[in-house]
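**Q** Pasting a structure here, questions to come.
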Amino acid sequence: MSKMYASIGCCGIDCGLCPRYYTEGASRCPGCGGPDFERLHPPCAHKTCCSQKHGLEVCGQCEEFPCIKYDREKIERDSFVTHQRIFKNHELIGKIGLNAFLDQQKERISLLEKMLADYDSGRGKSFFCLAAALLSPEALREALIEADIPSDRKGRERALRAALTKNAELEGVVLKLTK
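The numbering of the sequence shown is numbering that gives the first Met the number 0, which starts it at 0 and goes up by one.
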């Protein structure tokens, strides 16, 4: 079975909220299971096991989850995309189901796309992707309303960064990749 939803990785990473998903050119990632994923990326043990071997969409649907492949994730380090929600995403999928999770994720993606289209002056993509992955949809919506000011793009980006940072503090979230 091949993956049906490129916006969520087998491992639980929010591919649709990753900066590389929104990159133009050759380094753009189509998301786990997206077109040409295997050609563009080295083999992924999570995807091979989950999708190809077990015919599942995400590892959290497997009876063996979390398996030994997740031992490195427990160290809690990020790459260019946050890994902070991997276990929470699998837990939520188990609780509300894959379709309801994907509906929530579509809302986050829509809010992120608005941030990138209307507020990013060229230096905000990674920060906005991180915020979209870690903050609640309500906090994202509130920040967009608060940052909707008459200004140039740089001014709107500063206003949105400030609003997202404020909402992150209220939710107890640190908008920083863990290295």
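All C-beta atoms in this analysis are idealised placements derived from N, C-alpha and C, irrespective of residue type, glycine included.
1. Figure out for me which residue from K153, L176, Y21 has the closest Cα to the Cα of S109.
2. Which first and last residues belong to the alpha helix (DSSP H) in which M3 is found?
3. Taking Y118 as the reference, give the member of R160, I7, G8, V173 with the closest Cα.
4. Can you tell me the Cβ-Cβ gap for E168 and A138, rounded? I've got them flagged as a contact below 8 Å.
5. Could you pull out every unbroken alpha helix (DSSP H) segment of at least 4 residues lying fully inside the segment 96 to 163, listed in chain order?
6. Rank A158, C9, I148, F126 by C-alpha distance to the C-alpha of G54 and give the top, closest one.
7. Starting from F64, trace the alpha helix (DSSP H) both ways and give me its first and last residue.
8. Under the rule that 16 or more other beta-carbon atoms within 10 Å means buried, what is C66, buried or exposed?
9. Got a sec: is the Cβ-Cβ distance from G11 to anything in chain D below 8 Å?
10. Could you name the residues of the same chain whose beta carbon sits closer than 7 Å to that of L16, not counting the 5 residues immediately before and after it, in chain order?
11. Three-state secondary structure (DSSP) at C31?
12. In whole angstroms, what is the alpha-carbon distance linking G59 and S50?
13. Do you know how far the Cα of G123 is from the Cα of E156?
**A** Taking the definition as stated:
1. Distances from the CA of S109 to each of K153, L176, Y21 were compared; the closest alpha carbon is that of Y21.
2. Counting along the chain, M3 falls outside any alpha helix (DSSP H), and DSSP gives it neither H nor E.
3. From the listed residues R160, I7, G8, V173, the smallest Cα separation to Y118 is found for R160.
4. At roughly 10 Å, the Cβ-Cβ gap does not stay under 8 Å, so E168 and A138 are not in contact.
5. Counting only runs of 4 or more, we get 97 to 117, 124 to 133, 136 to 145.
6. Taking only the C-alpha atoms, the option nearest G54 is C9.
7. Careful: F64 lies outside any alpha helix (DSSP H) and carries neither H nor E.
8. With fewer than 16 other Cβ atoms inside 10 Å of its own Cβ, C66 counts as exposed.
9. The structure shown contains no chain D; it holds only a single protein chain.
10. So the list reads R107, I108, L111, C128, A131, A132, once near-sequence residues are dropped.
11. When secondary structure is reduced to three states using DSSP, C31 falls in the coil class, being assigned neither helix nor strand.
12. Rounded to the nearest angstrom, the two C-alpha atoms are 12 Å apart.
13. Approximately 7 Å between the Cα atoms of the pair.
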